[in-house]
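K.L.:
Here it is, the structure, as structure tokens.
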Amino acid sequence: MVQRRNRFAIIGVAGFVARRHLDAIKHVGGELIAALDIRDSVGILDNYSHETEFFIDPEIFAEYLESHYGEIDYVSICTPNYLHEQHCRLACTHGANVICEKPLALDSTGVDRLQQLELETGQRIYPVLQLRYHPQIIKMKAMLEKMILSSKDIPLEVNVTYVSRRGPWYAASWKGNPLLSGGIVLNLGIHMFDILYWLFGPPKPEKDAFQVDPDFASDRVSGLIEFPYARVRWFLSTRYNDLPLDVRSRGQYAYRSFEINHQPIADYSLDYSGLHNTVYDEIVSGRGLKVEDARLAFDCISRIYEAAARTHVA
2 MVQRRNRFAI IGVAGFVARR HLDAIKHVGG ELIAALDIRD SVGILDNYSH ETEFFIDPEI
62 FAEYLESHYG EIDYVSICTP NYLHEQHCRL ACTHGANVIC EKPLALDSTG VDRLQQLELE
122 TGQRIYPVLQ LRYHPQIIKM KAMLEKMILS SKDIPLEVNV TYVSRRGPWY AASWKGNPLL
182 SGGIVLNLGI HMFDILYWLF GPPKPEKDAF QVDPDFASDR VSGLIEFPYA RVRWFLSTRY
242 NDLPLDVRSR GQYAYRSFEI NHQPIADYSL DYSGLHNTVY DEIVSGRGLK VEDARLAFDC
302 ISRIYEAAAR THVA
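Quick note on numbering: the sequence shown equals residues 2 to 315 in my numbering.
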């Protein structure tokens, strides 16, 4: 008997990140049966299927999901941050599991609601935290575990830099509006803070374990997080001038690095879009990450904003 292919729908198919999801759906042998976007520049769909139903009106798309209740296995969500929670609810209440781009919600209260949604509907919501599958970061995690067990240099001194150049469009778009995106700490930083939790565990509980530098800006922020085994200096920026000169000379637009005890350990600056394939592999195999996995970074970001408020820079 031939096994039925997993059936997918995608919301936000005209967006930048949607291509990674379309590639991943194809990679796992899925069938893309429906797509939604309020924009109609979606010729990309023909690269994957000539039979995908396409909708511009969200209400008509919801009616389609209702008429196909339980027939769609996964809905992939690639919409702006402020719509993620709403679209997770749309999919789950129509009998589909969810694969949702970062961040799942705009704050930890939204994460609570999504966990409750899972309980109410019996559906699963899978966060896309692809950096956990990056080979360099997996290698670094194994190395850190050995260092923490054997090193006398505890706490470790860690520097994390995450610079991703953005042009003027960024501030003018929804991404530049913290009410819609969560601001640079959430929109750009969530992967970094997720990895820090994954590598080092929960930070120290004391209030001053989180510090934010006073030059907090909408496009540039830095600070310190103290973990039991590490002191982490972190830096986030979308400014071109914050890219190292050698990165700029090569025409690259991103610089993402880890240093431990002043030694470069990992540079994951180059494109890692193929990691979405691994995310999908894990999900369809029953090993996908849970909403609770994503909560850790939200707890971190909440404490960063609390620290910023204490220093009157929020």
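Cβ atoms here follow ideal geometry from the backbone N, Cα and C, with glycine treated the same way.
To test your reading of the DSSP string, which unbroken beta strand (DSSP E) runs of 3 or more residues are found completely within the region 98-135?
P.N.:
DSSP runs (the beta strand (DSSP E)) wholly in the region 98-135: 98-101 and 126-128.
K.L.:
Measure the alpha-carbon distance for H277 versus P215 and round it to whole angstroms.
P.N.:
Those two C-alpha atoms are separated by around 36 angstroms.
K.L.:
Expressed to the nearest angstrom, what Euclidean distance is found between the alpha-carbon atoms of A315 and T162?
P.N.:
Per-residue confidence for A315 stands at a pLDDT of 46, beneath the threshold of 50, marking its modelled position as unreliable; the derived number appears in the next sentence. One C-alpha to the other measures close to 21 angstroms.
K.L.:
Note down the Cα distance separating I305 from G13, rounded to an integer number of angstroms.
P.N.:
So the alpha carbons of these two residues sit roughly 30 angstroms apart.
K.L.:
Ignore the nearest five residues each way along the sequence and tell me which others in Q212's own chain have a CB closer than 7 angstroms to its CB.
P.N.:
Hits under 7 angstroms: G224, L225 and A308.
K.L.:
Just the C-alpha distance for I26 and F9, rounded to the nearest angstrom, thanks.
P.N.:
Taking the straight line joining both Cα atoms gives about 8 angstroms.
K.L.:
Is N82 near the ligand GTP, going by C-beta to nearest heavy atom under 7 angstroms?
P.N.:
Looking for the ligand GTP in the displayed structure turns up nothing, as the structure carries no ligands at all.
K.L.:
According to DSSP, simplified to helix, strand and coil, what is A315?
P.N.:
Here A315 scores only 46 on pLDDT, less than 50, and its place in the model should not be relied on; the value that follows carries that caveat. Looking at A315 - three-state DSSP - the assignment turns out to be coil, as it is neither helix nor strand.
K.L.:
Whole angstroms are fine: how far does the CA of F194 sit from the CA of A231?
P.N.:
For A231 and F194, the distance between alpha carbons rounds to 14 angstroms.
K.L.:
Do L105 and V112 count as a contact pair if the criterion is CB distance below 8 angstroms?
P.N.:
Yes. Within cutoff.
K.L.:
Can you give me the C-alpha to C-alpha distance between G71 and G96, rounded to a whole angstrom?
P.N.:
If I take the Cα positions, the gap works out to 5 angstroms.
K.L.:
Would you report the Cα separation of H85 and S151, rounded to the nearest angstrom?
P.N.:
Each residue's Cα considered, the two are about 42 angstroms apart.
K.L.:
Quick one: what's got a C-beta closer than 7 angstroms to P59's C-beta in the same chain, skipping five residues either side?
P.N.:
Correct list, in chain order: L37.
K.L.:
Determine, using beta-carbon pairs with one atom in the region 282-293 and one in the region 172-184, whether at least three such pairs fall under 8 angstroms.
P.N.:
Output reads no: the region 172-184 does not touch the region 282-293.
K.L.:
Between I302 and D108, what straight-line distance do the alpha-carbon atoms span, to the nearest angstrom?
P.N.:
Rounded to the nearest angstrom, the two C-alpha atoms are 9 angstroms apart.
K.L.:
Please report the distance separating the alpha-carbon of P156 from that of A210.
P.N.:
Computed Cα separation, rounded: 13 angstroms.
K.L.:
Please report the distance separating the alpha-carbon of V18 from that of S68.
P.N.:
So the two alpha carbons sit approximately 28 angstroms from each other.
K.L.:
Once you ignore the five residues that flank W235 on each side, which residues in its own chain have a CB closer than 7 angstroms to its CB?
P.N.:
Around W235: V161, M193, S223, G224 and I226.
K.L.:
What alpha helix (DSSP H) runs, 4 residues minimum, are completely inside the region 14-69?
P.N.:
Here the runs fully enclosed are 19-28 and 59-68.
K.L.:
Mapping the DSSP letters down to three states, classify Y269 as helix, strand or coil.
P.N.:
It is coil, neither helix nor strand.
K.L.:
Do L23 and Y65 come within 8 angstroms of each other at the CB atom, strictly closer than that value?
P.N.:
For Y65 and L23, no; Cβs fall outside 8 angstroms.
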